[in-house]
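Residue numbers (our numbering), protein chains in the order written: chain A, 134 to 492; chain B, 4 to 363.
For reference, the structure is listed below as structure tokens.
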């Protein structure tokens with residue numbers, strides 16, 4: 134009864150606000166960011182997406198945002214306040230906002246919510262993420278070709294499916310062009326912590342790695358590689374072109390702009406529906422940053438061909454024959470992985486000499 | 004010519020006045036900062052201090068949220084103030100807060116999905132014990148080996164953070180969470196959920212305990228022998244020894260109490276507003292509470308008011324970001340100024356300002 138009452142109060146409040154918003158004839162789009170907009174990585178790219186929405190619709194939209202929102206009790210309040218401020222559409226751009234988003238959405242049935250990188254949906258909550266593993270395939274190819282020590286270092290964040298997928302994809306494509314390649318993986322247990330990332334990069338370099346891949350968002354590994362002098366890296370989430378052409382030889386860029394523009398348009402047209410979106414290179418959500426001259430021309434051409442094949446769908450990054458790490462069969466010759474398995478991926482493919490931290 | 008003259012004894016009037024002056028000075032300097040960022044200073048200050056309370060849209064939601072945000076700050080700061088008064092410097096409340104949350108949540112989750120009215124009280128006890136035990140480490144090391152409790156308690160914060168990361172993807176991880184880090188959500192576990200006692204009031208058990216702690220600390224300090232010993236040790240350690248105060252027991256009492264209260268705060272937070280154990284569960288309450296304790300002059304009633312004021316700047320700061328587009332860093336600077344001005348104004352308590360034409 135109490136729950137019902139609060140739900141009704143919330144609904145009444147929203148109905149009133151929605152009326153006010155329509156009167157203004159402006160669509161209000163809100164963004165909740167996990168880091169500062171100037172982090173140069175994850176949040177920076179989401180903020181670029183926000184600016185793309187402003188550019189696309191001009192006077193017809195108003196965007197608001199709140200940065201550095203912790204992924205705990207504060208997130209729910211921040212999202213609620215944004216809904217109260219009259220936002221029609223709210224993007225919550227980090228995994229940790231999943232439960233708070235679902236909770237707030239239940240209180241504001243007329244506001245649309247979009248949660249990044251989670252797995253829950255509701256009638257007014259969509260989720261969206263990018264097939265970063267497609268970019269990892271291109272990285273793996275370049276890494277396998279470029280390494281001289283045959284040792285590739287990987288700074289992983291958390292042992293969740295998204296990160297494990299990236300390691301597998303990079304490994305498969307490195308191994309394909311260089312059968313002697315070895316991966317050394319360090320779990321940093323953070324998405325953004327320049328000190329820890331630098332330490333991890335240095336440790337990997339000391340272990341002989343001359344290529345560093347990272348699933349963390351700061352440029353600290355790039356700086357460590359630059360200092361070492363003979364180590365190459367790839368930009369993560371953002372282009373990190375300030376370290377180009379060397380050590381940063383390419384990058385995976387998250388491009389949220391087109392998706393944010395689409396979804397805002399859907400809210401304006403009244404055609405918004407709850408969906409689960411997982412876009413890759415083909416839809417433009419994952420971009421491959423310019424491959425620099427530090428990479429030989431033939432390798433660059435191969436990498437670009439791989440990128441294009443992933444983009445037009447003629448090639449899938451997880452195509453058999455592939456075995457799991459324990460030697461059991463996973464994909465038969467020519468078979469490609471289904472999205473369900475990829476979404477919950479909790480195993481390494483055969484050949485990776487490491488263990489996923491136990492859950 | 005301005006001269007500073009040391010007062011024979013700290014001024015009581017100024018001791019009470021400086022927090023108010025510090026707030027006013029923060030408003031002025033903060034307004035200037037916001038003006039330089041191209042925002043209307045009056046509107047910015049109004050958004051931070053007035054809108055969370057009286058804005059017609061936000062007020063009804065923000066007012067209860069003030070209690071939610073202030074409760075853990077007050078609960079922790081009350082515990083810290085006892086030690087600070089006696090010269091026992093527990094800087095690691097953040098770690099005790101985390102350990103309380105882990106122990107409280109762990110005990111609760113062990114019973115999932117049982118429905119028994121004893122689960123929640125047991126969790127409170129476990130949370131308090133967790134924080135207490137974590138604070139006993141610097142306590143024991145201090146009384147036994149004479150280590151510095153500031154360093155030990157602070158370093159243990161990082162140990163606690165590492166443990167938090169470990170249990171959120173190991174021991175307490177949600178088995179239905181698809182491998183993502185984080186525990187089950189307590190909302191889905193009614194027997195262990197620290198829900199609002201009355202809907203839309205923000206009143207959860209943590210708020211109740213915070214108020215009880217304020218009253219308890221007030222009585223202890225003004226009416227009880229132990230409270231007298233705490234004050235005496237801080238103000239005149241030699242006299243305290245002559246009066247028969249046992250320093251070992253006092254150190255353990257101060258650290259233990261602050262640890263237990265911080266642990267309880269963590270437990271109420273994880274089972275209520277936060278909802279789950281996650282890697283980034285702790286959001287600095289343990290450190291902010293140090294500011295709250297000093298802003299409140301280490302006095303229980305002062306801490307109550309300071310906690311509410313701090314919560315106001317947090318929530319008002321969020322609204323200022325939302326409505327005026329102020330950057331988060333500017334809000335954090337604004338909060339930092341509050342501490343800075345408070346410490347600066349403290350000079351007035353101990354010194355008298357003399358204006359004179361001729362040099363003395």
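Each residue gets a CB set at the ideal place from its N, CA and C atoms; glycine is no exception.
Since this is a predicted model, take the numbers as computed values, not measurements.
Inset, instruction - Check the Cβ of residue 349 of chain B against every Cβ in chain A and list those closer than 7 Å, keeping chain order. - result: Within chain A, no residue has its beta carbon less than 7 Å from that of residue 349 of chain B; the closest one is some 30 Å off.
Inset, instruction - Inspect the beta-carbon positions of residue 274 of chain B and residue 163 of chain B and report whether they are closer than 8 Å. - result: no
Legend entry - Nearest candidate by alpha-carbon position, reference residue 161 of chain B, set B/113, B/105 and B/98: Of the candidates B/113, B/105 and B/98, the one whose C-alpha sits nearest the C-alpha of residue 161 of chain B is B/98.
Inset, instruction - Check whether the Cβ of residue 217 of chain A lies closer than 8 Å to any Cβ atom in chain B. - result: Closer than 8 Å: yes.
Inset, instruction - Give the C-beta separation of residue 194 of chain A and residue 397 of chain A to the nearest angstrom, bearing in mind that I take them to be a contact with Cβ-Cβ under 8 Å. - result: 6 Å
Inset, instruction - Given a cut-off of 8 Å, decide if residue 482 of chain A and residue 455 of chain A are closer than it, judged by their beta-carbon atoms. - result: yes
Legend entry - Same chain only: Cβ atoms within 7 Å of residue 89 of chain B, ignoring 5 sequence neighbours per side: 233, 236, 237, 253 and 257
Inset, instruction - May I ask you to list, following chain order, the residues of the region 302-331 of chain B that have a beta carbon less than 9 Å from some beta carbon of chain A? - result: 317, 318, 321, 322, 324, 325, 326, 328, 330 and 331
Inset, instruction - May I ask you to report which of helix, strand or coil DSSP gives residue 161 of chain B? - result: helix
Inset, instruction - Would you mind stating whether residue 289 of chain B and residue 100 of chain B have Cβ atoms separated by less than 8 Å? - result: yes
Inset, instruction - For residue 31 of chain B, count neighbouring C-beta atoms within 10 Å of its own C-beta (all shown protein chains included) and say buried if the count is 16 or more, exposed if not. - result: Exposed, because fewer than 16 other Cβ atoms sit within 10 Å of the Cβ of residue 31 of chain B.
Legend entry - Nearest-angstrom Cα separation, counted from residue 462 of chain A out to residue 284 of chain A: 26 Å
Legend entry - Residues of its chain near residue 170 of chain B, where Cβ-Cβ distance is below 7 Å and the 5 sequence neighbours each way are ignored: 105 and 280
Inset, instruction - Determine, using beta carbons only, whether residue 290 of chain A and residue 321 of chain A come nearer to each other than 8 Å. - result: yes
Inset, instruction - Since I believe residue 169 of chain A is in contact with residue 200 of chain A (beta carbons under 8 Å), could you give me their beta-carbon distance rounded to a whole number of angstroms? - result: Right, their Cβ atoms sit about 5 Å apart.
Inset, instruction - Assign residue 514 of chain A to one of two classes, buried (16 or more other C-beta atoms within 10 Å of its C-beta) or exposed (fewer than that). - result: No information on residue 514 of chain A is available, as it lies outside the stretch 134 to 492 that chain A covers here.
Inset, instruction - Using a Cβ cut-off of 8 Å (strictly closer), state whether residue 204 of chain A contacts chain B. - result: For residue 204 of chain A, the answer is yes, since a Cβ of chain B falls inside 8 Å of its Cβ.
Inset, instruction - Quick one: list the residues of chain A neighbouring residue 272 of chain B, beta-carbon separation under 9 Å, in chain order. - result: 205 and 206
Inset, instruction - Entirely within the region 190-245 of chain A and at least 4 residues each: give me those alpha helix (DSSP H) ranges in chain order. - result: Qualifying alpha helix (DSSP H) stretches, in chain order: 206-217 and 231-240.
Legend entry - Distance CB(residue 362 of chain A)-CB(residue 310 of chain A) smaller than 8 Å: In this structure, residue 310 of chain A does not lie closer than 8 Å to residue 362 of chain A by Cβ.
Legend entry - residue 212 of chain B, DSSP secondary structure in three states: Three-state result, residue 212 of chain B: helix.
Legend entry - Own chain, CB closer than 8 Å to residue 418 of chain A, minus 5 neighbours either side, in chain order: 263, 264, 387, 388, 389, 391, 392 and 412
Inset, instruction - For chain B, find out if any of its Cβ atoms is closer than 8 Å to the Cβ of residue 456 of chain A; answer yes or no. - result: Output row for residue 456 of chain A: interface = no.
Inset, instruction - State the Cα-Cα distance for the pair residue 394 of chain B and residue 261 of chain B, rounded to the nearest angstrom. - result: The structure shown does not extend to residue 394 of chain B, since chain B spans only 4 to 363, so no value can be given for it.
Inset, instruction - Note down, in chain order, every chain B residue with its Cβ under 7 Å from the Cβ of residue 211 of chain A. - result: For residue 211 of chain A, the chain B residues whose Cβ falls inside 7 Å of its Cβ are 321, in order along the chain.
Inset, instruction - State whether the region 347-358 of chain B contacts the region 10-22 of chain B, with contact taken as three or more CB pairs (one from each stretch) at a distance under 8 Å. - result: As far as the Cβ criterion goes, the region 347-358 of chain B touches the region 10-22 of chain B, which means the pair count is three or higher.
Legend entry - Nonlocal neighbours in the same chain, by C-beta distance under 7 Å from residue 189 of chain A, ignoring five residues either side: Once the five neighbours on either side are set aside, the close Cβ partners of residue 189 of chain A are 394.
Legend entry - Cβ neighbours of residue 317 of chain B in the same chain (closer than 6 Å, five flanking residues each side left out): 72
Inset, instruction - Decide if the region 166-186 of chain B is in contact with the region 293-301 of chain A; the criterion is three or more beta carbon pairs, one per stretch, under 8 Å apart. - result: yes
Inset, instruction - Run through the region 299-336 of chain A for me and flag every whole beta strand (DSSP E) of 3 or more residues, listed as ranges in chain order. - result: For the region 299-336 of chain A, whole beta strand (DSSP E) runs of length 3 or above, ordered along the chain, are 315-320.
Inset, instruction - Going by CA-CA distance only, name the one from A/319, A/445 and A/313 that's closest to residue 300 of chain A. - result: A/319
Inset, instruction - Given a cut-off of 8 Å, decide if residue 364 of chain A and residue 521 of chain A are closer than it, judged by their beta-carbon atoms. - result: Beyond the ends of chain A as shown, which are 134 and 492, falls residue 521 of chain A; an answer cannot be given.
Inset, instruction - Using three-state DSSP, classify residue 446 of chain A as helix, strand or coil. - result: It is coil, neither helix nor strand.
Legend entry - Opposing strand residues paired with residue 411 of chain A [DSSP bridges]: A/262, per the DSSP bridge assignment.
Legend entry - Whether residue 439 of chain A touches residue 270 of chain A by CB criterion (8 Å): yes
Legend entry - From A/380, A/252, A/426 and A/433, residue whose alpha carbon lies closest to that of residue 343 of chain A: A/380
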